[in-house]
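Asks: Below is the structure I would like to discuss, written out as structure tokens.
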Amino acid sequence: MRTVLQDARFGLRMWKSSPGFTAAAILCLMLGIGATTAIFSVVNTVLLRPLPYDRPEQLVRVYSEFPTFPNGGLHRFWLSPPEYLDLKRDTHSWQSIDGWVTAGANLAGIAQPVRVTDAFVTGGLLQSLGVQPMLGRLITPDDDKPDAPLAADISYGVWQSVYGGKSEVVGQETLFNGRKLTIIGVMPKGFAFPPGELDPPQVWVPLQIDPAKPGGRGSHFLSIVGRLKPGVTPAQAQSELEALVQEQGTHRTMGVHVFSPQFHNIVSYPLQAEVVSGVRPALLMLLGAVGFVLLIACVNVANLLLARAEARRREIAIREALGASLWRLSRQFATEGVLLSLIGAIFGLALAFGGLRAIALTNAGALPRAAEIGIDWRVLLFTLGVSLLTGILFGLAPITSLLLGGIGDALKETGTSTTGSAGAQAFRRGLVAGELALALVLLVGCGLMIRAFWKLQHVNVGLDPQNVITMSVSLPSGSYPKPENRDAMFRRLEERITSLPGIESAALVSGMAPIRRPNMNDTGIEGFVRREGGPIENIDYYQAVSKDYFRTMKIRLKAGRFFDASDGPMSPCAVIINQTMALRFWPGQDPLGRHVSPGDTGPKDPKNWCTVVGVVDDVKNAGIDQPTGTELYFPYDQPAGSGQGTMYVVVRAKGDPQAIPAAVRQQVQQLDPSLPVANIRTMDDVIGAAQDRPRFLTLLLSMFSVVALAIATVGIYGVISYSVARRTKEFGLRLVLGASSGDVLGLVLKQGLWLVAAGVVAGVMASLALTRLMAKMLFAVAPTDPATFVSVPLLLAGVAMLACYVPARRATRVDPMRTLRYE
Numbered sequence: 147m148r149t150v151l152q153d154a155r156f157g158l159r160m161w162k163s164s165p166g167f168t169a170a171a172i173l174c175l176m177l178g179i180g181a182t183t184a185i186f187s188v189v190n191t192v193l194l195r196p197l198p199y200d201r202p203e204q205l206v207r208v209y210s211e212f213p214t215f216p217n218g219g220l221h222r223f224w225l226s227p228p229e230y231l232d233l234k235r236d237t238h239s240w241q242s243i244d245g246w247v248t249a250g251a252n253l254a255g256i257a258q259p260v261r262v263t264d265a266f267v268t269g270g271l272l273q274s275l276g277v278q279p280m281l282g283r284l285i286t287p288d289d290d291k292p293d294a295p296l297a298a299d300i301s302y303g304v305w306q307s308v309y310g311g312k313s314e315v316v317g318q319e320t321l322f323n324g325r326k327l328t329i330i331g332v333m334p335k336g337f338a339f340p341p342g343e344l345d346p347p348q349v350w351v352p353l354q355i356d357p358a359k360p361g362g363r364g365s366h367f368l369s370i371v372g373r374l375k376p377g378v379t380p381a382q383a384q385s386e387l388e389a390l391v392q393e394q395g396t397h398r399t400m401g402v403h404v405f406s407p408q409f410h411n412i413v414s415y416p417l418q419a420e421v422v423s424g425v426r427p428a429l430l431m432l433l434g435a436v437g438f439v440l441l442i443a444c445v446n447v448a449n450l451l452l453a454r455a456e457a458r459r460r461e462i463a464i465r466e467a468l469g470a471s472l473w474r475l476s477r478q479f480a481t482e483g484v485l486l487s488l489i490g491a492i493f494g495l496a497l498a499f500g501g502l503r504a505i506a507l508t509n510a511g512a513l514p515r516a517a518e519i520g521i522d523w524r525v526l527l528f529t530l531g532v533s534l535l536t537g538i539l540f541g542l543a544p545i546t547s548l549l550l551g552g553i554g555d556a557l558k559e560t561g562t563s564t565t566g567s568a569g570a571q572a573f574r575r576g577l578v579a580g581e582l583a584l585a586l587v588l589l590v591g592c593g594l595m596i597r598a599f600w601k602l603q604h605v606n607v608g609l610d611p612q613n614v615i616t617m618s619v620s621l622p623s624g625s626y627p628k629p630e631n632r633d634a635m636f637r638r639l640e641e642r643i644t645s646l647p648g649i650e651s652a653a654l655v656s657g658m659a660p661i662r663r664p665n666m667n668d669t670g671i672e673g674f675v676r677r678e679g680g681p682i683e684n685i686d687y688y689q690a691v692s693k694d695y696f697r698t699m700k701i702r703l704k705a706g707r708f709f710d711a712s713d714g715p716m717s718p719c720a721v722i723i724n725q726t727m728a729l730r731f732w733p734g735q736d737p738l739g740r741h742v743s744p745g746d747t748g749p750k751d752p753k754n755w756c757t758v759v760g761v762v763d764d765v766k767n768a769g770i771d772q773p774t775g776t777e778l779y780f781p782y783d784q785p786a787g788s789g790q791g792t793m794y795v796v797v798r799a800k801g802d803p804q805a806i807p808a809a810v811r812q813q814v815q816q817l818d819p820s821l822p823v824a825n826i827r828t829m830d831d832v833i834g835a836a837q838d839r840p841r842f843l844t845l846l847l848s849m850f851s852v853v854a855l856a857i858a859t860v861g862i863y864g865v866i867s868y869s870v871a872r873r874t875k876e877f878g879l880r881l882v883l884g885a886s887s888g889d890v891l892g893l894v895l896k897q898g899l900w901l902v903a904a905g906v907v908a909g910v911m912a913s914l915a916l917t918r919l920m921a922k923m924l925f926a927v928a929p930t931d932p933a934t935f936v937s938v939p940l941l942l943a944g945v946a947m948l949a950c951y952v953p954a955r956r957a958t959r960v961d962p963m964r965t966l967r968y969e
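Residue numbers (the numbering used here): 147 to 969.
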């Protein structure tokens with residue numbers, strides 16, 4: 147220990163004597179360790195940290211699947227209440243199995259109603275998580291009976307913001323969607339279920355499924371989670387589900403909606419894996435990218451240390467001659483490296499803390515569990531391990547270099563005549579070439595992401611978002627129990643908002659593009675004949691709209707007409723379809739005048755037919771980067787679209803749309819003071835939110851790439867600059883003997899060119915192998931995109947050669963006479 151302290155004190159004196167070198171090394175390490183720590187903190191929280199429930203490894207998500215649906219099948223779909231009851235009755239692997247469905251609700255607050263996200267849950271769900279409420283009690287199976295009084299557990303946030311954090315809230319009655327509800331408990335701070343949601347539920351209410359009347363088997367809306375019995379593995383539970391599917395499939399008859407291996411399967415996955423499945427590849431890619439940044443920083447620091455070691459060759463050789471062993475010398479260099487790395491880690495932790503706060507506050511990239519991200523003991527242990535490992539690695543690099551050149555030979559060399567041994571010089575150049583190769587891999591990945599994001603920005607979403615603002619209005623079932631009540635209220639609201647000053651047009655719509663939940667409704671198609679491998683009578687999206695919706699959103703008409711005043715409640719049913727639906731069901735034919743029967747799965751009743759009156763351009767609904775689905779538009783007050791509980795108000799303003807929400811809210815309050823106006827956003831923000839994750843990944847990868855390029859540039863500059871400084875006398879003699887400045891410039895640039903060429907070739911080969919792992923994250927761009935693989939190496943080569951040019955120009959300014967006098 148005494149010797150280690152002695153080595154540490156000696157290292158501190160060495161760093162103190164070279165403040166410029168020390169600052170450069172610490173800066174490189176701060177960037178590398180700080181970025182690595184920040185990304186590992188995200189990975190640790192999102193991917194590695196167990197969910198905050200009791201024995202989370204026993205929790206499993208259950209889905210239904212429809213493998214024969216178009217576009218590769220329908221996977222990870224919801225179950226219907228009768229199917230959920232089948233699982234509870236016919237499976238035995240589960241300690242509990244529960245369901246939920248998320249929605250929005252109007253909750254009466256102290257001063258005014260508020261719009262909250264709620265989850266209707268089966269009676270045992272919250273209990274199965276093993277989380278205790280902060281106040282009151284949890285929902286129980288007794289609360290979940292169809293005739294039980296309505297009760298709810300509320301989140302800590304709602305307790306604070308809506309009810310002022312008062313403990314007497316337990317037992318308080320309030321209005322929930324116009325119905326009486328009793329608050330029975332307050333969940334602890336930070337509790338979230340379902341986990342990983344961007345808009346997590348704030349209120350949990352019993353689902354109250356009636357086993358005698360559970361609804362249709364084809365009505366899929368329930369999310370399912372099960373807790374395995376002790377000793378039961380997920381694989382065993384899946385085998386039991388497959389047996390249930392097989393058993394029901396053997397008794398399947400046409401037209402009866404039951405499980406079957408070919409048409410309607412059940413699958414299950416660990417809950418934790420499902421929560422992070424959407425971001426796992428991206429986070430692992432970022433962790434790999436930031437690992438490259440750390441490696442580049444370490445190589446750069448190693449090169450700095452090698453330069454210092456060249457100047458200390460005689461000192462080291464003398465110490466060896468006086469009896470210092472190779473182990474003793476290695477320990478000295480390793481101690482100096484670890485000391486430098488730990489100082490860089492301290493600054494890096496501060497950098498990581500700031501970066502994590504920015505990620506948590508903005509939740510950029512729509513990361514699940516973003517609020518939980520922080521620096522815990524695992525992160526600190528990771529940072530310490532990285533610091534020790536990197537410190538030892540780059541600390542020992544100088545010894546490796548000196549061994550290649552022969553430490554003993556240093557005694558025969560004069561400090562003023564040597565340019566360093568050939569082995570040591572080759573080692574340094576190899577490190578720089580590797581540094582450039584790593585930087586190129588990062589830059590190529592960044593270039594691919596930028597190209598993909600640029601293409602995503604130019605996708606035609608099917609509508610014009612400029613000057614459009616959106617908001618939602620929900621009618622509580624307690625106050626508006628019948629479809630005609632809701633239709634009448636929305637008609638009055640439509641009349642009022644369309645006459646507001648400062649607007650170009652306004653409309654109502656039931657679902658908000660470009661990301662909305664699919665309907666997947668069975669729909670009768672006139673004249674449809676099922677073909678092997680062809681489409682089935684099912685429509686991805688139903689959309690209830692007011693007549694001015696297409697004009698407000700500037701959705702192009704491809705054929706026929708838009709809805710107008712003639713399409714009223716008493717008029718014949720009219721529908722408008724999107725182009726994808728027209729091509730899927732009537733390829734090469736005119737769909738106008740054809741008929742569809744919404745929700746019709748049995749024999750076609752002509753009284754239910756709706757006439758296709760128009761075809762419009764496709765609008766993205768499943769995400770900007772996803773294929774367009776089939777879509778049916780109905781007038782919201784005709785029977786096919788009637789009875790909507792929630793509608794979005796979309797307004798195209800003549801100028802700045804920010805003043806519109808206040809005017810809409812005033813109209814809503816005049817019609818019904820109990821209704822809140824929620825989800826106020828511009829359409830640009832709505833579309834921008836659909837691009838959050840690729841934008842986040844592109845931004846981070848770009849930042850890492852810029853840092854890597856800067857460090858690599860400094861690295862090659864340092865090598866060439868050091869070489870020029872050691873060869874000053876040689877260049878002077880060359881000039882005396884008749885060489886021109888151009889000859890000296892070319893000599894130095896040639897040395898740099900070989901380094902750059904080696905790094906670029908190695909980097910391109912590594913990129914061709916590694917970028918294939920990014921294929922699923924790239925939109926409309928191949929992982930071997932030629933434009934990227936040509937432009938990025940040229941960029942790196944140009945920057946690197948510029949870094950070589952600066953010391954090369956300095957070499958041409960050597961004074962030959964001063965060199966001769968010195969000799």
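Glycine included, each C-beta is placed from N, C-alpha and C at the ideal position.
What residues in its chain sit with their C-beta under 7 Å from that of K700, if we drop five residues either side in the sequence?
Replies: Counting only Cβ-Cβ distances below 7 Å, and skipping sequence neighbours, we find L609, D610.
Asks: Starting from the N-terminal side, write out each stretch of the beta strand (DSSP E) that is 3 residues or longer and does not extend beyond the stretch 271-322.
Replies: Listed in chain order, the complete beta strand (DSSP E) runs (minimum 3 residues) inside the stretch 271-322 are 297-300, 319-322.
Asks: List in chain order: all unbroken alpha helix (DSSP H) runs of 4+ residues lying wholly within the stretch 369-402.
Replies: DSSP runs (the alpha helix (DSSP H)) wholly in the stretch 369-402: 380-396.
Asks: How should P793 be labelled, buried or exposed, when 16 other C-beta atoms within 10 angstroms of its C-beta is the threshold for buried?
Replies: One detail in the question is off: residue 793 reads as Met in this sequence, not Pro. Classification of M793: buried, given that the 10 Å Cβ count is 16 or more.
Asks: Mind checking T320: buried by the 16 CB within 10 Å criterion, or exposed?
Replies: Classification of T320: buried, given that the 10 Å Cβ count is 16 or more.
Asks: Quick check: what's the CA-CA separation for V894 versus V870?
Replies: Approximately 8 Å, taken between the alpha carbons.
Asks: Can you list, in chain order, the residues of its chain whose CB lies under 8 Å from that of S848, leaving out five sequence neighbours each side?
Replies: Correct list, in chain order: C592, M595, I596.
Asks: Quickly, what does DSSP pair P744 with across the bridge? List them, please.
Replies: P744 is bridged to T669.
Asks: Please report the straight-line C-alpha distance between A808 and Q815, rounded to a whole angstrom.
Replies: Cα-Cα distance, rounded: 10 Å.
Asks: Mind the definition here: the stretch 337-347 touches the stretch 172-180 only if three or more C-beta pairs lie below 8 Å; say whether that holds.
Replies: The stretch 337-347 vs the stretch 172-180: no contact.
Asks: Could you check how far apart the C-beta atoms of A381 and I330 are, in whole angstroms? I think they sit under 8 Å.
Replies: 38 Å between Cβ atoms; not a contact.
Asks: Tell me whether N606 sits in a helix, a strand or coil according to DSSP, three-state version.
Replies: Coil.
Asks: Check whether the stretch 817-826 and the stretch 668-680 touch, using three or more Cβ-Cβ pairs below 8 Å as the test.
Replies: No: the two stretches stay apart, fewer than three of their Cβ pairs being nearer than 8 Å.
Asks: Is the separation between the beta-carbon of L899 and that of M947 shorter than 8 Å?
Replies: In contact: L899 and M947 (Cβ atoms closer than 8 Å).
Asks: Is it right to say A954 is buried, meaning 16 or more other beta carbons lie within 10 angstroms of its own, or is it exposed?
Replies: The residue is buried, with at least 16 neighbouring Cβ atoms inside 10 Å.
Asks: Would you identify the three-state DSSP class for T562, choosing helix, strand or coil?
Replies: Residue placement at T562 is poorly supported in this model, since its pLDDT is 45, which falls under 50; the coordinates still yield a value, given next. In the structure shown, T562 sits in coil (DSSP, three-state: anything other than H, G, I, E or B).
Asks: Going by the CB atoms, is the gap between G760 and R707 shorter than 8 Å?
Replies: Yes; because the gap between Cβ atoms is below 8 Å, this pair is in contact.
Asks: What is the DSSP secondary structure of R811, reduced to helix, strand or coil?
Replies: In the structure shown, R811 sits in a helix (DSSP, three-state: H, G or I).
Asks: Helix, strand or coil, according to DSSP, for R730 in the structure here?
Replies: R730 falls in the helix class under three-state DSSP.
Asks: Have a look at the DSSP bridge pairing and note the partners of M617.
Replies: The partner list for M617 (beta bridge, DSSP) reads V795.
Asks: Look up S406 in the DSSP assignment and give the residues it is bridged to.
Replies: DSSP lists H410 as partners of S406.
Asks: According to the Cβ coordinates, are V332 and V316 closer than 8 Å?
Replies: Going by C-beta atoms, V332 is nearer than 8 Å to V316.
Asks: Tell me, please, which residues DSSP counts as bridged to D244.
Replies: Note: D244 sits in a beta bridge opposite V371.
Asks: From A556 to A885, what does the alpha carbon distance come to, in whole angstroms?
Replies: Any reading at A556 needs caution, since the residue's pLDDT is 48, under 50, leaving its predicted position unreliable; the model's value is listed next. Roughly 31 Å between the two C-alpha positions.
Asks: Smallest Cα separation from R841: which of D289, F479, Q603, V208?
Replies: The residue with the shortest Cα to Cα distance from R841 is Q603.
Asks: Quick check on DSSP: helix, strand or coil for R222?
Replies: Correct three-state label for R222: strand.
Asks: Which same chain residues end up closer than 6 Å to S533 when comparing Cβ atoms and leaving out the 5 residues on each side of it in sequence?
Replies: Closer than 6 Å at Cβ, skipping near neighbours: S487, L488, A491.
Asks: Counting along the chain, where does the beta strand (DSSP E) carrying Y951 start and finish?
Replies: From DSSP, Y951 is part of no beta strand (DSSP E) but of the alpha helix (DSSP H) over 932-957.
Asks: Which of helix, strand or coil does DSSP assign to C719?
Replies: Correct three-state label for C719: coil.
Asks: May I ask you to list the residues that DSSP assigns as paired with F573?
Replies: Looking at the DSSP assignment, F573 forms no beta bridge with any residue, so it has no partner.
Asks: Go through its chain and collect everything with a Cβ distance to W240's Cβ below 6 Å, but skip five positions before and after it.
Replies: Correct list, in chain order: G372.
Asks: Tell me the start and end of each unbroken beta strand (DSSP E) in the stretch 623-706 that is at least 3 residues and wholly inside, in chain order.
Replies: Complete beta strand (DSSP E) runs here, min 3: 649-655, 667-671, 687-691, 703-706.
Asks: Spell out the partners DSSP gives A249 in its beta bridges.
Replies: A249 pairs with D264.
Asks: Between the beta-carbon of Y782 and the beta-carbon of A854, is there less than 8 Å?
Replies: It is not a contact, given that the beta carbons lie outside the stated cut-off.
Asks: Just to confirm the assignment, what range does the beta strand (DSSP E) spanning W350 have?
Replies: Counting along the chain, the beta strand (DSSP E) containing W350 begins and ends at 349-352.
Asks: Quick check on this structure: which residue in G580, T644, A659 has the alpha carbon closest to the alpha carbon of A652?
Replies: It is T644 whose Cα lies nearest to the Cα of A652.
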